[in-house]
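Chemist: Before we start, here is the structure in question, set down as structure tokens.
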Amino acid sequence: MTEYVLAGVAWPYANAYIHAGNVVGAYLPADIFSRYQRLRGRATLMVSGSDAHGTPITVRADQEGVSPEAIYRRYHRSFLDLFQRLGLTYDLFTSTHTANHFKVSQTIFEALRLNDYLFTKREKQWYSVTQQRFLPDRYVEGTCYICGYEAARSDQCDRCGNLLDPTRLINPRSKLDGSTPELRETEHFYLDLPKLEADVRAFLEARAPYWRPHVVQQSLGLIRTEGLKPRPISRDLDWGIPLPLKGWEHKVLYVWFEAVIGYLSAAIEWSTLTGQPNAWEQWWFNPEARTYYFIGKDNIPFHAIMWPAQLIGSGARFEELFTGRAPGRPLVLPYDVPANQFLNLEGCKFSGSRNWALWGLDLLERYDPDPLRYYLTAIMPETRDTDWYWDDFFRRNNDELVATWGNLAHRVLSFTYKHWGQVPEPGPFAAEDEALLETVRAGFHTVGEHLEKVHLRAGLQEAMRLAARVNQYLERRAPWKRIKEDRADAGTILFTALQAIDWLKVLFAPYLPFSSEALHRTLGYTRPLFGRQVVQEVRDALGAHEVLLYDPADATGRWEPQPLPVGQPLQKPKPLFRKLDPALAAEEQARLGEPPADCVGRER
RNA sequence: GGCGAGGUAGCUCAAUGGCAGAGCGGGGGAAUCAUAAUCCCUAGGUUGUGGGUUCGACUCCCACCCUCGCCA
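Its first residue numbered 43, the first sequence is counted upward by one per residue in my numbering.
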């Protein structure tokens, strides 16, 4: 029976470049997990895309005097570039600005409306007479009615820190042209969350035993203490997804509401692009399918509460509306939301505006992807906030990655290549040889168990522990000594070590795909472990968008201890990883901007 | 202010009531296949603080301190 796994990955907002905190929080864990699931032979779908709509993008577009679409395209392109170079194997990385996503989002809206989980409400909002449009709260500033600060945003005062009622702002003015806006009545759709609260609560309680405590307790705490309140799902903007209702076409869906729907629409788009139009239903209507959401902790309420509420509220109605089939089946609810905490840098929070940050593309200019993936996994903030320290990065690269794993592969391959040139024929195994193979073989269970539970850091540690065991084995068996006494026995030892390395290659592959692939070739295999990443242009009614696809056609990697073919010719070995000069740490630290003012950093 | 997570060795982290552990770093030694990588031995902790429950507490309860997030 095929098992279905969907890895939904946080949708990066297309108004900024991606930094290491975004990568370690969501994108990298999703890739490690998905690569593992594919090796396990499960039908795996890792999907995400650029979040193209919403106010931050229109603000930026206004600042630069370009269209929101131009902003979104610029950053979207940089995302595709980064993901390919870092080896993040999205089955589909698309965008929310596609005809498909529009249709799916509008269908969810319609399903919720027909199921009576939406209502409308009239309210007053600031309206720009000069521009003839409603202004988002952050476009309006004026005098704070609490402290008298004259440059307060309409929804929040930066001096007294209070959240404000926008309609009470004194002397309001538009940040766009300085004109005086006026309050006008508008009407919006709301998601009736109180009606869905009991179901959402039951959903969370059922998953509490295995979810990360900080994810489920925070969500349940919120419901217990405050309960869920109705939340607006439409806005007066012209950049976004129009409401699919007569008389409402000039309003768009609120970005919080439609972006999460991308997990569903991306699965559908993937099905279309790969020529299997109904395949997505295996992940979305099959109650056995497991859907995981890889996000940062700032996104927890949207994935643990709002998105489940949208799915529950749409229920079977979605299938009926979207496919015309009745009765429909309910949409699959999240199986797990393994949200990560935050990554800090040298003891201080990331700050893009101060350049206190590690930009993904910038890191890749100077470092290979696997060392970055290794370090990011080693410090992955699975249970609490963690820190990137440059000296720690060099230390872990040199003393752990190069020393334990890279050196192990290189010492065995170099010696065998020099004396045999191929995988040696083993003679009778000694008890020690058998014991080593058994130890590494068990790694498929022990490392796999960690990966199943999305304990990625622990899985990597376990794989490293096994690599160290092979080093120990080599010290005791000392094939470099043995070859002078008994060449056949030396061959047995090296066969054993090569077999162990061949398996370790697979255990490391989800984490370090580039070096595992290189090692795979050195060991004489000709077909790759993983598939390829492809960029493709897709045309639709909204124009064209570029997507990143994963083509698994050539992938041969499997999460099981397969036999290493005796006599397989070896390639000339090259070191898997480069040793780095630790003195560069100071250079990297100097490259950073000023730390945020409220941060003292690490005492060293 | 409310809700939640976290605070364990120099560093990064394990350990859900049963002798507080691993890796790295520090100290000593062995080996020479390997990118001076590796292997063995070793030092190092009043588990944030103060109480409580228990035969027994890192673990459960109460209060407080610190860090972070969400909400107001």
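Beta carbons are placed, not taken as given, at the ideal position from N, Cα and C, and that holds for glycine.
Remember, predicted model here, so these are calculated numbers, not experimental data.
If we count the other Cβ atoms within 10 Å of its Cβ and call it buried at 16 or more, is Arg644 buried or exposed?
Modeler: Residue numbering aside, residue 644 sits at position 602 when the first sequence is read from its first letter. The predicted model places Arg644 with a pLDDT of 44, which falls under 50 and marks its position as unreliable; any figure quoted below should be read in that light. With fewer than 16 other Cβ atoms within 10 Å, it is exposed.
Chemist: What separation, rounded to the nearest whole angstrom, lies between the Cα atoms of Asp544 and Thr598?
Modeler: Numbered from its first residue, the first sequence carries residue 544 at position 502. Numbered from its first residue, the first sequence carries residue 598 at position 556. Spanning the two alpha carbons is a distance of roughly 14 Å.
Chemist: Classify Arg581 as helix, strand or coil using the three-state DSSP reduction.
Modeler: Locating residue 581 in the first sequence gives position 539, where the first residue counts as 1. Reduced to three states, the DSSP call for Arg581 is strand.
Chemist: Within a Cβ cutoff of 6 Å, which residues of the same chain sit near Phe357, ignoring the five residues on either side of it in sequence?
Modeler: Stepping through the first sequence from its first residue, residue 357 is reached at position 315. For the record, residue 357 in the displayed sequence is Gly; it is not Phe. Hits under 6 Å: Pro372.
Chemist: Buried or exposed: Gly35, going by 16 or more other Cβ atoms within 10 Å of its Cβ?
Modeler: Given that the chain is displayed from residue 43 to residue 646, the structure contains no residue 35 and the question cannot be resolved.
Chemist: Which of the three DSSP states, helix, strand or coil, is assigned to Pro286?
Modeler: Locating residue 286 in the first sequence gives position 244, where the first residue counts as 1. Correct three-state label for Pro286: coil.
Chemist: Need the endpoints of the alpha helix (DSSP H) that Trp349 sits in, please.
Modeler: Within the first sequence, numbered from 1, the residue matching residue 349 stands at position 307. Trp349 to Ser356 is the extent of the alpha helix (DSSP H) around Trp349.
Chemist: Should Lys526 be labelled buried (16 or more other beta-carbon atoms within 10 Å of its own) or exposed?
Modeler: To locate residue 526, count along the first sequence from 1; it is residue 484. Looking at its Cβ environment, which holds fewer than 16 other Cβ atoms inside 10 Å, Lys526 is exposed.
Chemist: For Ala49, does the three-state DSSP call read helix, strand or coil?
Modeler: As a working note, residue 49 is residue 7 in the first sequence. Strand at Ala49.
Chemist: Decide if Val171 is buried, meaning its Cβ has at least 16 other Cβ atoms within 10 Å, or exposed.
Modeler: On the first sequence, residue 171 is found 129 positions in, with the first residue counted as 1. Counting Cβ neighbours within 10 Å, Val171 comes out exposed, since fewer than 16 surround it.
Chemist: Report yes if the CB atom of Pro343 is closer than 9 Å to the CB atom of Leu414, and no otherwise.
Modeler: On the first sequence, position 301 is the one that residue 343 refers to. On the first sequence, position 372 is the one that residue 414 refers to. Cβ atoms of Pro343 and Leu414: not closer than 9 Å.
Chemist: Please classify Ala368: does DSSP put it in a helix, a strand, or coil?
Modeler: In the first sequence, counting from the first residue as 1, residue 368 sits at position 326. Residue state, collapsed to three classes: coil.
Chemist: Flag this pair as yes or no: are the beta carbons of Trp325 and Leu130 separated by less than 9 Å?
Modeler: For the purposes of this step, residue 325 is identified with residue 283 of the first sequence, where counting begins at 1. For the purposes of this step, residue 130 is identified with residue 88 of the first sequence, where counting begins at 1. Going by C-beta atoms, Trp325 is not nearer than 9 Å to Leu130.
Chemist: Identify every run of the beta strand (DSSP E) within the segment 572-638, keeping only runs that are complete inside it and at least 3 residues long; order them along the chain.
Modeler: Qualifying beta strand (DSSP E) stretches, in chain order: 574-582 and 585-593.
Chemist: Between the Cα of Thr162 and those of Ser221, Asp234 and Pro208, spot the shortest distance and give me the residue it belongs to.
Modeler: Mapped onto the first sequence, residue 162 falls at position 120. Of the listed residues, the one whose Cα sits closest to Thr162 is Asp234.
Chemist: Report the residue from Glu268, Glu247 and Gly269 whose alpha carbon sits nearest the alpha carbon of Gln259.
Modeler: Translated into positions along the first sequence, residue 259 becomes position 217. When each option's Cα is compared against that of Gln259, the closest is Glu247.
Chemist: Can you say whether Arg646 is buried or exposed, counting buried as having 16 or more other CB atoms within 10 angstroms of its CB?
Modeler: Counted from its first residue, the first sequence places residue 646 at position 604. The predicted model places Arg646 with a pLDDT of 31, which falls under 50 and marks its position as unreliable; any figure quoted below should be read in that light. Its Cβ having fewer than 16 others within 10 Å, Arg646 is exposed.
Chemist: With respect to the beta strand (DSSP E) encompassing Phe231, which residues constitute its N-terminal and C-terminal limits?
Modeler: Against the first sequence, residue 231 aligns to sequence position 189. Taken as a continuous stretch (DSSP letters only), the beta strand (DSSP E) holding Phe231 covers Glu224 to Leu233.
Chemist: Count the C-beta pairs between the segment 599-613 and the segment 134-154 that are closer than 8 Å, then say yes if the count reaches three, no if not.
Modeler: Flag = no, the segment 599-613 and the segment 134-154 do not touch.
Chemist: Taking Cβ positions, are Gly304 and Ser90 nearer each other than 9 Å?
Modeler: Within the first sequence, the letter at position 262 stands for residue 304. Within the first sequence, the letter at position 48 stands for residue 90. It is a contact, given that the beta carbons lie within the stated cut-off.
Chemist: So, helix, strand or coil for Gly643, using DSSP?
Modeler: Mapped onto the first sequence, residue 643 falls at position 601. With a pLDDT of only 49 at Gly643, under 50, the local geometry of the prediction cannot be trusted, and no value is derived from it.
Chemist: Quick one: give me the first and last residue of the beta strand (DSSP E) that Phe457 is part of.
Modeler: Indexing the first sequence from 1 puts residue 457 at position 415. Per DSSP, Phe457 belongs to no beta strand (DSSP E); it is in the alpha helix (DSSP H), Asn449 to His461.
Chemist: Less than 8 Å between the CB atoms is what I'm expecting for Phe75 and Val496, so what's the real figure, rounded?
Modeler: Here residue 75 is taken as the residue at index 33 of the first sequence, counted from 1. Here residue 496 is taken as the residue at index 454 of the first sequence, counted from 1. Yes, they are in contact, since the Cβ atoms of Phe75 and Val496 sit about 6 Å apart, within 8 Å.
Chemist: Would you mind listing the alpha helix (DSSP H) stretches within the segment 367-415 that are 4+ residues and don't spill past its ends, in chain order?
Modeler: Taking only runs of at least 4 residues, the alpha helix (DSSP H) segments lying wholly in the segment 367-415 are 402-408.
Chemist: Give me the Cβ distance between Gly566 and Gln610, rounded to the nearest whole Å; I'm assuming they're in contact under 8 Å.
Modeler: On the first sequence, residue 566 is found 524 positions in, with the first residue counted as 1. On the first sequence, residue 610 is found 568 positions in, with the first residue counted as 1. Correct: roughly 4 Å between the Cβ atoms.
Chemist: So, are the CB atoms of Tyr46 and Gly490 less than 9 Å apart?
Modeler: Here residue 46 refers to the residue found at position 4 when the first sequence is read from its first residue. Here residue 490 refers to the residue found at position 448 when the first sequence is read from its first residue. No; because the gap between Cβ atoms is not below 9 Å, this pair is not in contact.
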